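Okay, structure first, notes after.
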Amino acid sequence: MTEFNQQDVEILRREPGFRGFYRLDVLTLRHRLFAGGWGPELRRELFVRPDAVCVLPYDPWQDAVVLIEQIRVGALGKRTNPWMLELVAGLFDDGEEAEQVAHREAEEEAGLTLLNLTPITRYFPSPGGSDEQVYLYCATVDSRGVGGLHGLAEEGEDIRVSVWPRSEALAAMADGRIDNAASIIALQWLELHGQGLRAQAGPQP
1 MTEFNQQDVE ILRREPGFRG FYRLDVLTLR HRLFAGGWGP ELRRELFVRP DAVCVLPYDP
61 WQDAVVLIEQ IRVGALGKRT NPWMLELVAG LFDDGEEAEQ VAHREAEEEA GLTLLNLTPI
121 TRYFPSPGGS DEQVYLYCAT VDSRGVGGLH GLAEEGEDIR VSVWPRSEAL AAMADGRIDN
181 AASIIALQWL ELHGQGLRAQ AGPQP
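In terms of full-length UniProt numbering, the sequence shown has 14 at position 14, counting the first letter as 1, and numbering is strictly consecutive.
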């Protein structure tokens with residue numbers, strides 16, 4: 001990894017580009033080059049948004065995962081069906097910790113109580129143009145009776161919740177029905193670590 005200090009990048013100007021539910025800033029910057037010296041001034045748009053938490057709810061006693069389905073505007077025109085199968089997810093509110101976001105969103109989006117949380121990773125989904133980081137977790141849940149329609153009406157949420165055998169969720173990932181980064185990373189992690197979660201789960205509560 002290249003050694004870095006704050007003097008290696010100069011932000012010459014930072015101007016507002018758009019202010020709405022999200023924010024777009026326009027940065028003019030320059031940075032040091034690998035070969036030495038400074039590169040030219042660059043103008044870059046930066047999508048500024050709160051960090052997010054994504055949770056894969058996993059029932060180790062049934063060997064099943066809970067997935068949600070909702071419309072995603074980013075999929076319009078690039079996918080035959082813009083309703084996507086995803087993890088429970090949400091953005092940080094001011095002062096919240098990642099685990100608080102996970103528990104809040106699990107209740108709001110899926111009617112779920114998370115029994116425990118296992119951190120998977122933290123990553124930038126699109127650092128070429130966004131400053132968002134995603135905190136990714138797997139959570140143990142009891143999936144009995146889980147399902148139906150959920151979400152906050154005041155936020156326009158219309159979320160369908162379903163329980164999938166782990167093998168069927170992996171098949172949906174393999175054939176492209178599950179095609180978003182957080183879900184793919186979490187399901188691949190579960191394939192590596194699920195046996196250990198099942199062994200540690202103990203008797204079903």
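Glycine included, C-beta positions come from ideal geometry on N, C-alpha and C.
Remember, it's a predicted structure, so these values are computed and weren't measured experimentally.
In this chain, the beta strand (DSSP E) harbouring L91 covers V88 to L91.
Counting the other CB atoms within 10 Å of its CB gives I71 a total below 16, which places it among the exposed residues. In the DSSP assignment, E69 falls within the beta strand (DSSP E) that extends over A64 to I71. Per DSSP, W164 is one residue of the beta strand (DSSP E) stretching across I159 to P165. Note on geometry: alpha-carbon atoms of E10 and E3 lie some 16 Å from one another. Around the beta carbon of L56, a 10 Å sphere encloses 16 or more other beta carbons of the protein chains shown; the residue is thus reported as buried. Looking only at Q7, P50, E15 and A52, the smallest Cα-Cα distance to R30 is reached by Q7. With respect to the 8 Å criterion, I185 and L136 are classified as neighbours on the basis of their beta carbons. Under the DSSP assignment, G196 falls in the alpha helix (DSSP H) whose first and last residues are A181 to Q200. In this chain, the beta strand (DSSP E) harbouring V55 covers A52 to D59.
Across the structure, E69 and V88 are spaced so that their CA atoms are roughly 9 Å apart.
Per DSSP, reduced to three states, the secondary structure at V141 is coil, with no helix or strand assignment. DSSP, reduced to helix, strand and coil, places R122 within a strand of the structure shown.
Check the Cα spacing between A172 and each of V146, R160, C138 and L187: the tightest is with L187. Within 10 angstroms of the beta-carbon of E105 lie 16 or more other beta-carbons, which makes it buried.
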